[in-house]
Structures are given as structure tokens and as C-alpha cells.
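Under this note's numbering, the first residue of the sequence shown is numbered 96, with each subsequent residue one higher.
The beta carbon of each residue, even a glycine, is placed where N, CA and C say it ideally should be.
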Amino acid sequence: MPMSTELTRWADGELHSRYNMSATYLVEPINSKECNVNYASISAQVNLDTRSCTCRQFDLDHIPCTHAIVACRFYNISCYTLYSKYFTTKALLSSYSKCIYPTGNEIDWLVPNHIHDKVVLPPKTRRPTGRPRKVRIPSGGEGKRTSRCSRCGQYGHNWKTCKRPIP
């Protein structure tokens with residue numbers, strides 16, 4: 096599995112997409128490793144020593160957020176140094192270095208009695224009142240569909256509101 100950087104393919108792709116998103120951010124330095132990053136009316140404070148940002152995305156994901164990437168660019172620091180070691184190709188390859196053995200037959204398993212005696216039931220649920228919904232609920236990211244006229248073929252209206260004369 097050839098990899099060009101020290102990061103995994105997914106982490107490298109994530110870095111490039113965040114790098115492109117942060118192209119128009121402005122940096123106001125506080126000291127040698129801290130800065131304030133502004134974008135539109137949003138600002139975030141980045142500390143490169145503690146690997147933290149006030150947007151909390153950097154703290155939670157252990158992947159540099161767009162603000163941290165801009166700070167790295169400003170201070171001329173490689174973004175690759177801020178990634179967690181778990182996103183490196185070395186960590187990926189070491190996780191698959193040892194053999195993973197199958198669990199065997201369920202009859203041969205040694206299960207303690209206090210676990211074997213427990214009965215796990217499905218959760219208690221009730222059917223909602225009313226007629227079941229037949230139409231799929233669209234996702235929040237999906238845009239609205241524009242209607243298409245069956246008479247003229249143009250988008251934005253239907254055949255009932257079409258201004259073209261009937262052929």
C-alpha cells in the first residue's frame with residue numbers, strides 16, 4: 096500500500112480539504128505560538144503549543160482545524176506535526192501487523208455464569224399514532240427539487256402555471 100506522506104490517505108485528504116477551506120482566513124498574532132484567526136464575523140484563538148483551538152474541533156478530533164492550519168501557515172510550521180500519531184501510516188500498519196484469530200465456535204466459548212444468566216430484551220417501543228409515513232424524509236443537506244414543466248420542459252413551474260400556449 097504505497098502512501099506519499101506520513102499520514103493515512105483519509106487524514107491527508109482531510110488536511111487538503113481543510114487547507115483549501117482556510118485560504119481566506121486572517122491571522123492576528125498574539126505571541127510566538129498563539130494567534131487569533133478571523134473569518135467573516137467568526138474568530139477563534141489557536142494555541143499551537145497545547146494543540147487547541149476555541150472552536151474545539153482541534154481538541155476533539157486531534158486533527159488540525161482550519162484555524163490551526165492557517166496558524167501553521169502564518170508561523171511557517173508543518174501541519175503534519177500537529178496530527179495525532181494515530182493518523183500516521185506507521186500506526187495504521189502496526190494495527191494490522193499482528194494476526195487476528197477467529198473466535199471459534201460459540202459452543203466452545205467460556206462465558207461466566209453471571210453473564211450467561213442475563214436476559215437481554217429488545218427495547219420497549221410503541222408504534223406512533225396516525226398513518227405511517229410513505230414519503231422519505233429528506234436530509235438537511237439536500238436542496239429543494241425544482242419542478243419541471245411537462246408541457247415546455249423548463250424548470251421552475253409546472254404545466255398548470257405554464258405561460259406557453261397549448262399546441
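- For Tyr175 against Thr100, the beta-carbon gap comes to about 7 Å, under 8 Å, which counts as contact.
- By the neighbour-count criterion, in which a residue is buried when 16 or more other Cβ atoms sit within 10 angstroms of its Cβ, Tyr191 is exposed.
- Judged by beta-carbon spacing, Ala186 lies beyond the 9 Å limit of Lys193, meaning their Cβ atoms are not closer than that value.
- Cβ atoms of Ser147 and Asp156 stay farther apart than 8 Å, at about 12 Å.
- It is roughly 24 Å from the alpha-carbon of Gln249 to the alpha-carbon of Pro233.
- Residue state for Gln152 is assigned as helix, using DSSP reduced to three classes.
- It is roughly 44 Å from the alpha-carbon of Asn115 to the alpha-carbon of Pro227.
- Across the structure, Glu129 and Gln140 are spaced so that their CA atoms are roughly 7 Å apart.
- Using a 10 angstroms sphere on the CB of Ala163, the tally of other CB atoms reaches 16 or more, which defines it as buried.
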